[in-house]
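Quick note on full-length UniProt numbering: the sequence shown kicks off at 1 and runs consecutively.
Where a beta carbon is used, it is the ideal one built from N, C-alpha and C, also for glycine.
What follows is a short report on a single structure.
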Amino acid sequence: MSMIIHHAPQSRSTRLLWLLEELGADYRIHYVDILRREGQGRTDPANPHPLKQAPALEIDGQVLIESVLILPVPDRSPPRGRPGAGTGPIRAGRNICRGWASTTMCWRRC
């Protein structure tokens, strides 16, 4: 399994780097620029995240976004008490729209 984390220093992607280090995972880092709230930075055309944010985790060519949905992916063991439920890129991919809607698209209304 090939993992590439698209990382912007001092962003939410740092928590994913920390997790991958703790798990001893084999991954590569691709540094990207992001536009910050203070107006610093820029949007990076090489960033695969649709909103040009961080993090984005690429696993065997599939891009996952939103750290709350990415964090379960590197640990592929099934959750306790739910045999067969498992986690992984396919399951995380299905949940991306839900997470994106609740964390990015609806933040002004909630």
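**Q.** Range of the contiguous alpha helix (DSSP H) that encloses Ile70
**A.** 67-70
Q.
So for Arg37, helix, strand or coil by DSSP?
A. coil
Q. Helix, strand or coil: how does DSSP classify Arg28 here?
A. strand
Q | Ile5, DSSP secondary structure in three states | A | strand
Q | Option in Pro55, Gly61, Gln62 with minimal Cα separation from Leu20 | A | Pro55
**Q.** Between the CA atoms of Gly61 and His30 - distance to the nearest angstrom
**A.** 14 Å
**Q.** Residues bridged to Ala56 [DSSP beta-bridge criterion]
**A.** His6, Ile65
Q: Please classify Arg82: is it buried, with 16 or more other beta-carbons within 10 angstroms of its beta-carbon, or exposed?
A: Confidence at Arg82 is low in this model, with a pLDDT of 46, below 50, so its placement is unreliable and the value that follows should be read with caution. The residue is exposed, with fewer than 16 neighbouring Cβ atoms inside 10 Å.
Q. Between Met3 and Pro45, what straight-line distance do the alpha-carbon atoms span, to the nearest angstrom?
A. 20 Å
Q: Pull up the distance between the alpha-carbon of Val63 and that of Leu51, whole angstroms please.
A: 13 Å
Q: Could you give the DSSP three-state label for Thr43: helix, strand or coil?
A: coil
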